[in-house]
Amino acid sequence: MSTDRNLIQLVTPAGERISHPEFDPWVKDIGDEQLCSLYEDLTVIRRIDVEATALQRQGELGLWPPLLGQEAAQVGSGRALREDDFVFSSYRENGVAYCRGVDLTDITRVWRGTASSGWDPYSVNMATPQIIIGAQTLHATGYAMGIQNDGADSVAVTYFGDGATSEGDVNEAMVFAASFQAPVVFFCSNNHWAISEPVRLQSHIQIADRASGFGIPSLRVDGNDVLAVMAATRVALDRARHGGGPTFIEAVTYRMGPHTTADDPTRYRDANELEDWAAKDPILRVKALLERKGLLTDEVQQHVHNKAESVARELRSGCIGMPDPEPMDIFKHVYSEPNSWLDRQQDHYARYLASFGDPAGATSEEGAR
Amino acid sequence: MSTDRNLIQLVTPAGERISHPEFDPWVKDIGDEQLCSLYEDLTVIRRIDVEATALQRQGELGLWPPLLGQEAAQVGSGRALREDDFVFSSYRENGVAYCRGVDLTDITRVWRGTASSGWDPYSVNMATPQIIIGAQTLHATGYAMGIQNDGADSVAVTYFGDGATSEGDVNEAMVFAASFQAPVVFFCSNNHWAISEPVRLQSHIQIADRASGFGIPSLRVDGNDVLAVMAATRVALDRARHGGGPTFIEAVTYRMGPHTTADDPTRYRDANELEDWAAKDPILRVKALLERKGLLTDEVQQHVHNKAESVARELRSGCIGMPDPEPMDIFKHVYSEPNSWLDRQQDHYARYLASFGDPAGATSEEGAR
Amino acid sequence: MTQMTFARAINSGLRKSLENDPKVILMGEDIGTLGGVFRVTDGLQKDFGTHRVVDTPLAESAIMGTAVGLAYRGYRPVVEIQFDGFIYPAFDQIVSQVAKLHYRTQGAVKMPITIRVPFGGGIGSPEHHSESPEAYFTHTSGLRVVSVSNPQDAHTVIQQAILSDDPVLYFEPKRRYHDKGEVDEGIDPRTALPMDSARVVTEGTDVTLVAYGPLVKTAKDAATAAADEGISIEVIDLRSLAPVDYATVEASVRKTGRLVVTHEAGQSGGLGAEVAASITERCFYHLETAPVRITGFDIPYPYSKLEMHHLPGLDRILDGVDRALGRPNSLSGLEG
Amino acid sequence: MTQMTFARAINSGLRKSLENDPKVILMGEDIGTLGGVFRVTDGLQKDFGTHRVVDTPLAESAIMGTAVGLAYRGYRPVVEIQFDGFIYPAFDQIVSQVAKLHYRTQGAVKMPITIRVPFGGGIGSPEHHSESPEAYFTHTSGLRVVSVSNPQDAHTVIQQAILSDDPVLYFEPKRRYHDKGEVDEGIDPRTALPMDSARVVTEGTDVTLVAYGPLVKTAKDAATAAADEGISIEVIDLRSLAPVDYATVEASVRKTGRLVVTHEAGQSGGLGAEVAASITERCFYHLETAPVRITGFDIPYPYSKLEMHHLPGLDRILDGVDRALGRPNSLSGLEG
Ligand SMILES: Cc1ncc(C[n+]2csc(CCOP(=O)(O)OP(=O)(O)O)c2C)c(N)n1
Ligand SMILES: Cc1ncc(C[n+]2csc(CCOP(=O)(O)OP(=O)(O)O)c2C)c(N)n1
Ligand SMILES: [Mg+2]
Ligand SMILES: [Mg+2]
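Below, the structure written as structure tokens:
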């Protein structure tokens, strides 16, 4: 049976850099400049989240899954990746998407409902958000088997939640990853909740311990400590690159917002819990560290603020300015080759639309006649 | 990561009873008479297997999944159960079925193709064989949740193979069992093969270690040692009965025959492996133990032989004498209440059959006209 | 009679079932403390306890598979699948176990499991939240499939489904959850119209329009609109999708000679094909024109900005009615 | 031209695909050392290595899900599902991922996955080994579904399926695996009859009989038997089940005025309903009688002693032909 493991931590909630002989070497390249840049990304990502939430409230987005509180888990891991690594994430990793260089407008596309997903996965080596819980862990494992076949040294990284660990797919992914020793990193963001269900309902023991039963080594890291997350991810990536097979990372963090903008967490969780976690805020922690190091100059603050604001503006204008798709677009890309069934339906629908003076009337539930 | 655990063993392959302070107490009631009776069951079950295999070769059964080599795992566990415990097994646990008191004719029914399954599960508290790999582990877990709700102290026991541990269902079953602390025993017969696939393809580490990742205690037992299996099963049952939740048992054994009568294991496995395992034969081992104890009298041997032969005869005559089902039976029991779709089809088919002088012609592929 | 929403009507039906039979047990993701993402189970865990209304871990196959085990043990599980698109991980347990166990055991083991599925589109959601997977289940022998279109039926039929000894898929038209209607909670589900019966909801003489679930409202609206043009549409709410109550549909088509079937699911292999084929078989010589299907397209459910193009709306249905009537329509002049 | 069994013809097609494209990779349970439980992949792992012909752990969802990942990486996975009844654990990955990823990514990610499924009954097997689940997939947009009926098509179409950039379900009629036929291995799959085309296999004038997979042989036998009675049956081998090549079926029905469709799958919601409905739509005024469906019943696949009652045999098909022709048949005198 498992024993409680301590979290890997390099920076305390108070912003104190503590030494960790095993993991320190993995972030020794993170100097002052890098630290500031991490701080910037964390801040920008939170700002993105705030802006997108606002856009949802204003009716510009249909839905948004906030990542408030999980910034360090996403930035620490996202920035550890190499360009040729490939990410398969859930719907919540918009911060990782930002780190991968996904265009801001593209991030909002799917939530605005103008497309089924936002970007070309190959342009940033990141699949678009997966909604079916856990399904993407198998995709990552298969992709990693492909990397292996190709003799390449890139890594597939898959993100999923604590709730996802209950799904058969995630467990099967570990079976395959272990069996083939595939270069895949399982990154579990344990944010303590699966909608209204506490992590304890999914597992009585630590999530990270699941992996050992599959013969997969695991790391349990303070998910609100961006340095620790980066170090742990690098360890896992390094192992995968050098033929060491899969690693499971549990990033212990907290979903400070609702599950999505459609959710009301006051129905199921205690305000105190939120307060406890607010004290471990991933951004305040880096800020405190920078302060201790004397790096939190007005200039840095201003720069980060400006960057965040400009990103927010870009996000907003990109979102609002996005052209609506054309009705006939719904028939596109179902198949890559012609399909007689669909071609006929498409033809009929085009005729149907053409039979209207005002095509808008054709789609209202109340009717145009 | 896991470490190799020693097998729980109470009797060596040479038939020597070795002491095991932890598990001995669980079989202290197994005196001479009981030992002889276990020997009888083991022998009878092997005889059943031989007879059924012969029946298949003679065309009386469509298929048979031999359990040759796995007798101790099935008898040791099957005889540990209480009448009000409920078994959910795979297709291979015909020995367990025998221990549960399933009628011999009923055991062959499904393999003869006269019914979809052989017996009323409630008459012996054992579900009929499950063919979908691993599906039954969830049924056992649900049944155990029901036991729990009822405040009863019976236990659900599920049998499955080493290959099954890769299926999502088996892993999800462990999630639920752990989460609800349901009184269920996961009994994995690791017979080293899943058709042609060696257990190593499913897991690089010991199968028993899978459970720890779910927070479920496990036991790894010599599956060819009937006493050890019985002791381990009793430990698990006792824990479940007293609110201790699920236990996972890996019974390390070997499928000495083909996967089914349709399989040809010479295509994929080494004769040497078989020889090694023949030396650990579960029946020879008990025989040797009895011999050492001076219990293997001619009388005992004769009695066991007679019993096995009479069971084989009963099996054979029950199987061959089984009446064929009536054509219209295929429509029975699809629903428990009338169904207009099916009723119409049934009516039409009855008319169709009636339209023939000789109804047999109606079903031949070549046709009667 | 009480005015209540569709969602509340189901809630009240569930409550009655929980009250009437201690073996009824609700299972699903977020159905307890939260009361379900649509609040359909609101308050039930509080009143019946965590053993009767069970928040399960996040694994659909396990929810279904443990429901099977509970049914073995004599329980009557009512499983909630959070959204239509999340039923597929449970497909194996539904198709190979829930549907087949009664047959497999020659009637010894009953599977009185009710599977509640909020289904269909029109709510502006992302992928997997707007699907209409009913045809997968209507083609699966051993299951019964129903869908309701109004609060009263929602209330009565959920109780009938739970009372049934057969497994029942109960499809809830999620875009109608907030619609209100009169509900008589005193109706006895055992004496009410059986759940495998269709119902004529609007009488008419010119054409039979068959709908179910979310599109019954649209179909009724279409009938109203058509009446203005002097076209008399008979609207049938199928209610039961497997088996379909063909006697009721047939009687109508013998009268009208024309049939239009509508559903949100894709056309090819959808339930509309089954209805069209069976009705053609049963009353070919009464049909004046070929049955018309007005359905979703053969595409994955599209992104929300365009979903109203995919969903059959009033105008598309009326265009189909015109086709059935041989009146000018969008395909006039096209061969076949 | 070489005489070979159906199974060997697929094997040879797989071999060619492995030879022609290093990105083709075979995955499944027992397909390597054993060569598959039906020996369809016999010898391929030996010749192409364990990285091209992969024995996977026992988990269908994972097989399918990792195939998706491999496709992301540019591979063309060919997945074997050991038996029809074992495809359901992979249903979610097929329906929500394989079928939808091209659409989801606006064409950026292709899913050139071929899913080989030995299907159908008639081999005396226990439960789950004789199912005909094709209708679940023909109703799933984004997938192509084919079934083959003879060694030559088996050989050619498997290569076409693998060449297709769309995901293809390839249903192999397992009871025909040992049937022999002439196979020209020199045929170029790129110029052969496209896999989405049906084929008239027996010309006739009185009635159109549509079949696919295992029942094409039965249908041809029926045509031969009927010819003795002076009835001329035109037999169409659908080959493609999604999309169905309706142009070919329609042309035939316009000529014969009568349609019989046959399949092993249960009737309600089966592919026969789709064919009957679509052909009725397309050529209602050419139909003399209602399309007739001769299919398996709406029951779980029965135990082997009675499976020949469930499976449409020659006589049941001929009875259906009689019905379509308005000749005396088993339902003569019944209303409707
Ligand atoms: C297969 C499936 N079942 C159910 C859902 C509905 N659902 C969406 S998110 C969610 C909770 C996921 O929790 P977790 O894995 O912890 O991720 P988090 O949302 O906390 O990031 C659920 C149940 C789904 N999307 N897919
Ligand atoms: C879901 C599913 N997939 C595949 C099969 C085909 N199959 C039957 S037995 C078997 C191997 C099972 O191995 P294991 O679990 O070790 O049990 P054993 O046969 O060794 O007792 C396979 C792959 C099946 N029955 N069900
Ligand atoms: Mg979570
Ligand atoms: Mg095994």
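Residue numbers (the numbering used here), protein chains in the order written: chain X, 1 to 369; chain L, 1001 to 1369; chain E, 2001 to 2336; chain R, 3001 to 3336.
No residue lacks a Cβ here, since even glycine has one placed at the ideal position from N, Cα and C.
Residue i - containing beta strand (DSSP E), residue span
| i | result |
| --- | --- |
| Tyr-2170(E) | 2168 to 2173 |
| Ile-3357(R) | There is simply no residue 3357(R) to check, as chain R begins at 3001 and stops at 3336 in what is shown. |
| Asp-2055(E) | 2053 to 2055 |
| Glu-3182(R) | 3180 to 3183 |
| Arg-1220(L) | 1218 to 1222 |
| Ile-3341(R) | Given a span of 3001 to 3336 for chain R in the structure shown, any question on residue 3341(R) remains unanswerable. |
| Thr-2005(E) | 2002 to 2005 |
One or two residues paired with residue i in a DSSP bridge
| i | result |
| --- | --- |
| Tyr-1098(L) | Per DSSP, none; premise fails for Tyr-1098(L). |
| His-2128(E) | According to DSSP, His-2128(E) bridges with nothing at all. |
| Val-3275(R) | In DSSP, Val-3275(R) forms no bridge with anything. |
| Arg-3076(R) | Val-3024(R) |
| Arg-3144(R) | Val-3168(R) |
| Thr-3114(R) | Val-3078(R), Val-3168(R) |
| Pro-1198(L) | Trp-1193(L) |
| Val-3210(R) | Ile-3236(R), Val-3261(R) |
Alpha-carbon to alpha-carbon, residue j and residue i
| i | j | result |
| --- | --- | --- |
| Asp-1049(L) | Pro-3302(R) | 25 Å |
| Gly-59(X) | Ser-317(X) | 14 Å |
| Leu-290(X) | Val-27(X) | 16 Å |
| Val-75(X) | Glu-2131(E) | 34 Å |
| Leu-1068(L) | Phe-1160(L) | 16 Å |
| Ile-1147(L) | Asp-1153(L) | 7 Å |
| Ala-211(X) | Ala-1178(L) | 16 Å |
| Arg-2323(E) | Trp-341(X) | 20 Å |
| Leu-55(X) | Leu-61(X) | 6 Å |
| Ile-2187(E) | Thr-2156(E) | 7 Å |
| Ser-1002(L) | Glu-1022(L) | Low confidence applies here, because Ser-1002(L) scores a pLDDT of 40, under 50, leaving its location unreliable and the question unanswered by this model. |
| Thr-2140(E) | Asp-1032(L) | 54 Å |
Three-way DSSP call (helix, strand, coil) for residue i in this model
| i | result |
| --- | --- |
| Met-1126(L) | strand |
| His-1020(L) | coil |
| Met-230(X) | helix |
| Ile-133(X) | coil |
| Glu-1250(L) | strand |
| Gly-1059(L) | coil |
| Phe-991(L) | Residue 991(L) cannot be examined here, being either before or after the span of chain L that is shown, 1001 to 1369. |
| Gly-2069(E) | helix |
| Arg-1316(L) | helix |
| Phe-3119(R) | strand |
| Phe-3284(R) | helix |
| Gly-2263(E) | The residue asked about is misnamed: residue 2263(E) is His in this sequence, not Gly. Note: His-2263(E) maps to strand in three-state DSSP. |
Extent of the continuous alpha helix (DSSP H) run through residue i
| i | result |
| --- | --- |
| Gln-2045(E) | 2044 to 2048 |
| Thr-105(X) | 104 to 112 |
| Gly-1078(L) | 1071 to 1078 |
| Ser-3252(R) | 3246 to 3256 |
Any chain B beta carbon closer than 7 Å to residue i
| i | result |
| --- | --- |
| Pro-2312(E) | Among the protein chains of the structure shown, namely X, L, E and R, there is no chain B. |
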